[in-house]
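Residues -23 to -1, 1 to 160 (mature numbering (1 follows the signal peptide of the UniProt record, and there is no 0)) are what the sequence shown spells out, left to right.
The beta-carbon is built from N, C-alpha and C at its ideal position, and this holds for glycine as well.
Beneath this line is the structure, given in structure tokens, with notes to follow.
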Amino acid sequence: MIARMHLNVLTLLILSYLQLILGDNLTKLKCSSLRKGQYRCDEPLIDPERQAADNCNEETRTSRVWCYPVENILCDGKVHNGSTRGFQMTVPCKWTNGKRFDTALLFSIFLGMLGVDRFYLGYSAIGLIKLCTLGLMFVGHFVDVLLIALQVVKPADGSDYVIDYYGAALYQQSSNNYTYNIT
């Protein structure tokens, strides 16, 4: 305990000395420019109905969360203790409008030959074609079951399915020459 107090006093003395030498350059570090591992962020608040972040923006598909610099990090002119809010970070989120994945899949399996799955997802023209042709002679019915099960076909408005937030969901990953450094 006493050793920890001595360490904190020593840290303050060193920071004060550096402040005198470097002037304002030391305090100009913004908390939002910290590296990974120098802060921790809250999980977004999850809406139980939509199973998505409570403040998920429909256009940008992002949510803002509070981040906390770890203990003894100096940014924005003050030394943080690990529990003080430092900045807000934008994190990706899934925007949903109420179309459930399990409902769409069940409609596709049992009523897909009548196009009910496509009507449910908002594709009424394809639903009408499937209704008139008995699921495109059951071939379209089978293909739609696969497309919905693999989450290739999503609701027509571009939203994501309502799936348990921490449940099994498929995420499409792609890479090219410019994505090698993105985490």
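Identify, in the order they occur along the chain, each residue of the same chain with its Cβ nearer than 8 Å to the Cβ of residue i, setting aside the five sequence neighbours on each side.
i      : result
Leu127 : Leu147
Gly92  : Ile103, Gly104, Leu105, Ile106, Lys107, Leu108, Gly112
At which residues does the alpha helix (DSSP H) containing residue i begin and terminate?
i      : result
Thr80  : 78 to 88
Phe96  : 93 to 98
Cys44  : No alpha helix (DSSP H) contains Cys44, which is instead part of the beta strand (DSSP E) from 39 to 46.
Leu105 : 101 to 109
Going by CA-CA distance only, name the one from the options that's closest to residue i.
i        : options                     : result
Tyr143   : Gly59, Arg77, Gln28, Gly75  : Gln28
Gln99    : Ala133, Gly89, Cys109       : Correcting the residue type first, residue 99 is Gly in the shown sequence and not Gln. Checked all of Ala133, Gly89, Cys109; the closest Cα to Gly99 is Ala133.
Tyr16    : Val68, Ser60, Leu105        : Ser60
Arg62    : Pro69, Leu51, Lys76         : Leu51
Cys70    : Asn153, Asp31, Val56        : Asp31
Thr(-13) : Leu83, Asn58, Lys7, Leu6    : Asn58
Val47    : Arg95, Phe96, Asp121, Leu11 : Leu11
Ala81    : Ile125, Glu26, Ile(-10)     : Ile125
Excluding five sequence neighbours on each side, which residues of the same chain lie with their C-beta closer than 6 Å to the C-beta of residue i?
i     : result
Asp19 : Val42, Trp43
Trp72 : Cys33, Glu35, Arg38, Ser136
Phe78 : Tyr138, Ile140
Taking DSSP as the reference, what is the three-state secondary structure of residue i?
i           : result
Leu51       : strand
Leu3        : With a pLDDT of 49 at Leu3, under the threshold of 50, the predicted position of this residue should be treated as unreliable, and no value is reported.
Thr(-13)    : helix
Val120      : helix
Cys18       : strand
Ile140      : coil
residue 168 : The shown model of the chain, from -23 to 160, leaves out residue 168, and the question about it has no answer.
Ala30       : strand
residue 161 : This structure gives no information on residue 161, because the portion of the chain shown stretches from -23 to 160.
Take residue i and list the residues in its own chain whose beta-carbon comes closer than 7 Å to its own, dropping the five residues that flank it on each side.
i      : result
Gly117 : Lys107
Cys8   : Pro46, Cys52, Asp53, Gly63, Phe64
In the DSSP assignment, the beta strand (DSSP E) including residue i goes from what residue to what residue?
i     : result
Pro69 : 64 to 69
Is the closest heavy atom of the ligand ADP to the C-beta of residue i under 6 Å?
i     : result
Cys44 : Of the ligands one can find in the structure shown there are none, so the ligand ADP has no counterpart to examine.
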